[in-house]
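Contents: one structure, followed by commentary.
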Amino acid sequence: MAENQNQNQSLLQMSHGKDGLGKIEIAPEVIEVIAGIAASEVEGVASMRGNFASGVVERLGKKNHGKGVKVELAEEGIQVDVYCIMQFGVSIPNTAQKIQDNIRQALLNMTALEADEVNIHVVGVQFENQKTEQELAEEE
């Protein structure tokens with residue numbers, strides 16, 4: 001019983017009008033996936049940060065679209081934290097602004113929810129020849 005109550009608290013509940021059709025619940029994982037895809041679409045984002053488990057799962061063929069995104073549902077509203085790796089040479093402030101705009105627009109279009117905060121955390125920079133250096137190291 002307590003487990004079911006905790007589960008309901010972690011879902012976003014929405015109601016539209018007085019049509020009486022029922023309620024709509026959106027899990028935070030859905031918001032993570034939407035934000036992850038929206039962030040990945042922005043030019044200049046090399047990849048999203050994940051953990052070891054998500055890396056193993058991706059190598060096995062399953063794409064983890066929520067990787068690098070943390071969603072927190074607070075009384076003040078929705079807070080989205082995005083951890084990404086940028087490509088070398090892009091303007092980080094401009095790219096981060098585009099990520100924020102893209103995530104806000106995607107959430108609004110798909111869920112009719114507005115995020116109060118979309119925080120971008122740049123955790124690395126990927127160089128063009130980074131893969132080439134790794135391949136050379138493997139050949140030696």
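Going by full-length UniProt numbering, the residue at position 45 of the sequence shown is 45; the numbering climbs one at a time, nothing skipped. Here a beta-carbon is modelled for each residue, glycine too, at the ideal position from N, C-alpha and C. Here the structure is a predicted model, which means the values were calculated and not measured.
Extent of the continuous beta strand (DSSP E) run through G36 = DSSP places G36 in no beta strand (DSSP E) but in the uninterrupted alpha helix (DSSP H) bounded by 28-40.
Pair within 8 angstroms by beta-carbon distance, Q87 and A46 | Cβ atoms of Q87 and A46: closer than 8 angstroms.
How many Å lie between A106 and A35 at the Cα?
-> Cα to Cα, A106 sits roughly 7 angstroms from A35.
Determine the burial state of G124: buried for a count of at least 16 other Cβ atoms within 10 Å of its Cβ, exposed for fewer.
-> A residue is called buried when at least 16 other Cβ atoms come within 10 angstroms of its Cβ; G124 does not meet this threshold and is exposed.
Spatial distance of G44 from I120 (CA atoms) = Cα-Cα distance, rounded: 13 angstroms.
The ligand ADP heavy atom lying under 7 angstroms from the CB of Q100 = Ligands are entirely absent from the displayed structure, and the ligand ADP is therefore not among its contents.
For the putative contact between K85 and R49, defined by C-beta atoms under 8 angstroms, what is the C-beta separation to the nearest angstrom?
-> It is Ile, not Lys, that sits at residue 85 in the sequence shown. Between I85 and R49 a beta carbon distance of about 6 angstroms is seen, short of the 8 angstroms cut, so the two are scored as contacting.
Relative to the C-alpha of I92, which residue among V122, K67, M110, N109 is closest?
-> Considering only V122, K67, M110, N109, the residue with the shortest C-alpha distance to I92 is V122.
Please report the residue range of the beta strand (DSSP E) in which K70 lies.
-> Going by DSSP, K70 is part of the beta strand (DSSP E) stretching over 69-74.
Three-state secondary structure (DSSP) of L107 | Residue state, collapsed to three classes: helix.
Simplified DSSP state of A96, which is helix, strand or coil | Three-state result, A96: helix.
Under 8 angstroms, do V118 and V82 count as touching if we go by C-beta distance?
-> Cβ atoms of V118 and V82: closer than 8 angstroms.
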